[in-house]
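K.L.:
Sharing a structure with you now.
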Amino acid sequence: MSQQIFIGSTISFKSLRDYIFDHKINKGDSIVLNPMNYQSIIEEIKKSEEEIEIPINVFGVLLVQHDSVELGKIQIVKDENLNS
Numbered sequence: 157m158s159q160q161i162f163i164g165s166t167i168s169f170k171s172l173r174d175y176i177f178d179h180k181i182n183k184g185d186s187i188v189l190n191p192m193n194y195q196s197i198i199e200e201i202k203k204s205e206e207e208i209e210i211p212i213n214v215f216g217v218l219l220v221q222h223d224s225v226e227l228g229k230i231q232i233v234k235d236e237n238l239n240s
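Under our numbering, think of the first position of the sequence shown as 157, with each following residue one higher.
Below is the structure:
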């Protein structure tokens, strides 16, 4: 997989949305999160007024979890099949 990245702030739905927009992450790509960060995003969504479906898709970028990613970092997977 690709390199792990610290996005410069605590991982939240808003920080991921901003990162995707600012860095022009492409539709069809995926962002892989540590399961603890992913669960934190789920809890944030549950508490928000926004209606967001799971699996979480932000601007066409899928958020997924995998324990190989360090807490507080993300991995960008370019339009690949994550199940292989």
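Glycine included, each C-beta is placed from N, C-alpha and C at the ideal position.
1. Below 8 Å on the Cβ atoms is my guess for Ile100 versus Asn193; work out the distance and round it to an integer in Å.
2. Determine, using beta-carbon pairs with one atom in the stretch 196-213 and one in the stretch 223-238, whether at least three such pairs fall under 8 Å.
3. Between Ile187 and Pro211, what straight-line distance do the alpha-carbon atoms span, to the nearest angstrom?
4. Taking the straight line between their C-alpha atoms, what separation do you get for Lys203 and Lys170?
5. Just mark Gln159 as buried or exposed, buried being the case when its beta carbon has 16 or more other beta carbons within 10 Å.
P.N.:
To lay it out plainly:
1. The displayed coordinates of the chain run from 157 to 240. Any statement about residue 100 would go beyond what the structure contains.
2. Taking one beta carbon from each stretch, the stretch 196-213 and the stretch 223-238 have fewer than 3 pairs nearer than 8 Å; the two do not touch.
3. As a working note, residue 187 is residue 31 in the sequence shown. As a working note, residue 211 is residue 55 in the sequence shown. Approximately 12 Å, taken between the alpha carbons.
4. Taking the sequence shown and counting its residues from 1, the one referred to as residue 203 is at position 47. Taking the sequence shown and counting its residues from 1, the one referred to as residue 170 is at position 14. Roughly 13 Å between the two C-alpha positions.
5. Taking the first residue of the sequence shown as 1, we reach residue 159 at position 3. Flag for Gln159 reads exposed.
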